[in-house]
Amino acid sequence: MYTFKKEERLCNKRLLEQLFSSGSSFLCYPFRVSWLQATLPEPVAVQVVFAVAKKRYRRAVDRNLIKRRTREAYRMHKEELLYDALQEQNRQIILSVNYIGKEINDFALMDKKMVKLLVQLSEQINASHLKVV
Numbered sequence: 071m072y073t074f075k076k077e078e079r080l081c082n083k084r085l086l087e088q089l090f091s092s093g094s095s096f097l098c099y100p101f102r103v104s105w106l107q108a109t110l111p112e113p114v115a116v117q118v119v120f121a122v123a124k125k126r127y128r129r130a131v132d133r134n135l136i137k138r139r140t141r142e143a144y145r146m147h148k149e150e151l152l153y154d155a156l157q158e159q160n161r162q163i164i165l166s167v168n169y170i171g172k173e174i175n176d177f178a179l180m181d182k183k184m185v186k187l188l189v190q191l192s193e194q195i196n197a198s199h200l201k202v203v
């Protein structure tokens with residue numbers, strides 16, 4: 071249940087370009103989220119990429135720490151807050167989570183913000199689903 075497998079990581083360059091050119095985005099400080107409904111080659115509900123700006127965090131250890139904490143928070147909450155709703159509607163999305171915070175936050179804060187982010191994302195997905203149908 072609390073896994074984060076390779077199939078869930080977004081590596082496809084074509085999908086990444088598509089996400090950033092025509093995807094929807096919103097801000098949930100300290101994260102900036104971009105998402106797009108897509109048909110994925112893998113049988114998963116979401117493919118996600120996590121990013122931290124090299125311009126803001128010059129040291130790789132800092133970037134890796136932030137990405138590790140973000141991935142962990144996502145892994146803990148994705149199932150109940152995001153996957154269940156997507157599987158009910160039989161939909162797939164691609165997702166980008168960029169860390170834009172000015173300082174390195176502790177895991178507790180990142181975890182709380184990730185829950186808020188996933189709730190906001192599922193609301194937006196449901197709203198877009200209602201428009202389409």
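When you read off a place in the sequence shown, starting at 1, and then add 70, the result is the number in the numbering used here. C-beta atoms are modelled at their ideal positions from N, C-alpha and C, and glycine is treated no differently.
For residue i and residue j, what's the separation of their Cα atoms in angstroms?
{"i": "R161", "j": "L152", "result": "11 Å"}
{"i": "E77", "j": "L187", "result": "22 Å"}
{"i": "R145", "j": "Q157", "result": "17 Å"}
{"i": "P111", "j": "Y99", "result": "31 Å"}
{"i": "V203", "j": "V189", "result": "Residue placement at V203 is flagged as unreliable, the pLDDT there being 43, under the threshold of 50; a coordinate-derived value is accordingly withheld."}
{"i": "D205", "j": "A178", "result": "This structure gives no information on residue 205, because the portion of the chain shown stretches from 71 to 203."}
{"i": "A175", "j": "E150", "result": "Residue identity check: residue 175 is Asn in the sequence provided, not Ala. Between N175 and E150, the C-alpha separation is close to 24 Å."}
{"i": "R128", "j": "V122", "result": "10 Å"}
What are the residues that DSSP puts in a beta bridge with residue i?
{"i": "I164", "result": "L106, Q117"}
{"i": "S95", "result": "S104"}
{"i": "R79", "result": "V118"}
{"i": "Y72", "result": "According to DSSP, which records beta bridges pairwise, Y72 is partnered with nothing at all."}
{"i": "Y169", "result": "F101, V122"}
Out of the options, point me to the one whose CA is closest to residue i's CA.
{"i": "F90", "options": "F74, P100, K75, Q107", "result": "Q107"}
{"i": "G171", "options": "T73, K125, H147, V116", "result": "K125"}
{"i": "A143", "options": "R129, E173, I163, F101", "result": "F101"}
{"i": "L165", "options": "Y127, G93, K75, Y72", "result": "G93"}
{"i": "M71", "options": "H147, N196, A123", "result": "H147"}
{"i": "Q119", "options": "S95, E150, W105, V167", "result": "Sequence check: residue 119 is Val here, not Gln. Considering only alpha carbons, the answer is V167."}
{"i": "P113", "options": "K75, I174, A123, S192", "result": "K75"}
{"i": "S192", "options": "Q159, F177, T73", "result": "Q159"}
{"i": "I163", "options": "Q117, R79, V131", "result": "Q117"}
{"i": "M184", "options": "A123, R133, A130, Y169", "result": "Y169"}
{"i": "E87", "options": "T73, W105, L97", "result": "W105"}
{"i": "A194", "options": "V103, R79, A130", "result": "Per the sequence shown, the amino acid found at residue 194 is Gln instead of Ala. Of the candidates V103, R79, A130, the one whose C-alpha sits nearest the C-alpha of Q194 is V103."}
{"i": "A115", "options": "K182, R79, E173", "result": "R79"}
(request) Say whether the region 123 to 140 touches the region 79 to 99, bearing in mind that this needs 3 or more beta-carbon pairs closer than 8 Å, one atom from each stretch. (result) With a cut-off of 8 Å, the region 79 to 99 and the region 123 to 140 do not count as touching, because too few Cβ pairs lie within range.
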